[in-house]
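Be aware that the sequence shown starts at 16, since it is given in this note's numbering, and climbs by one per residue. Quick reminder that beta carbons are idealized off the backbone N, C-alpha and C, glycines included. These numbers were taken from a predicted model, which means no experiment stands behind them. Down below is the structure, laid out as structure tokens.
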Amino acid sequence: MTASESLGYGLMGFGPALAMFALTIARHPSRVVVLLLSSFSWILSLLLSSLAWFVLSPLGSSLDVVVAIAVLFQEGSRLATLQALRKADHSLKLAALAGDAQLARSRAALAYASGLGFGVASGACSLLNPLADIADAGVPPGVAGTAKRYVS
């Protein structure tokens, strides 16, 4: 029963993003590359934010400083993704000659694929721990006698 609940909750959480991917991005290889680039960029910003917290929290730094640094890393990763897409514009135009002409004409398609990549990575990092707990014994962590396997 817990596995089916976990699958159902996962599909409720990722169903809209999966439908958006299947209907608008999967047929265009350039959009898939942009989605993967933005997902990787978001995960890299999460790693940098985690490292900042790991370094600054033992020093007695307040949570406000760490949150501000995490936001700066997040926005910096979005800016870096945008800069990478601008530098790859020539390659995207070459891909347009190979049959993916719609992407080169539409900046909105690039923004859409990039935003979906950021959202999917964020959702995956937010939902995978609770989904793993639901699929396990069905007892949430913190209940007496259960293991505390994650911090959330």
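- The way I'd put it, the region 49-63 does touch the region 86-99; three or more beta-carbon pairs between them come closer than 8 Å.
- Contact annotation: the region 34-44 does not touch the region 62-80, with fewer than three C-beta pairs closer than 8 Å.
- If you ignore the 5 residues before and after E20, its C-beta comes within less than 7 Å of the C-beta of I149, all in its own chain and listed in chain order.
- Under the three-state reduction of DSSP output, G25 falls in the helix class.
- Listed in chain order, the non-local C-beta contacts of A67 below 8 Å within the same chain comprise V81, I84, A85, F88, local neighbours out to five positions each way being set aside.
- Between the alpha carbons of G132 and P73 lies a gap of roughly 33 Å.
- Nearest to S106 by C-alpha distance, out of A139, F69, S45, N144, is S45.
- Counting other Cβ atoms within 10 Å of its Cβ, L100 reaches 16 or more and is therefore classed as buried.
- Across the structure, A123 and L22 are spaced so that their CA atoms are roughly 32 Å apart.
- Rounded to whole angstroms, the gap between the alpha carbons of A128 and F36 is 8 Å.
- Rounded to whole angstroms, the Cβ separation of A34 and G134 is 13 Å, and the two are not in contact under 8 Å.
- DSSP places P73 outside both helix and strand once states are collapsed to three, so it counts as coil.
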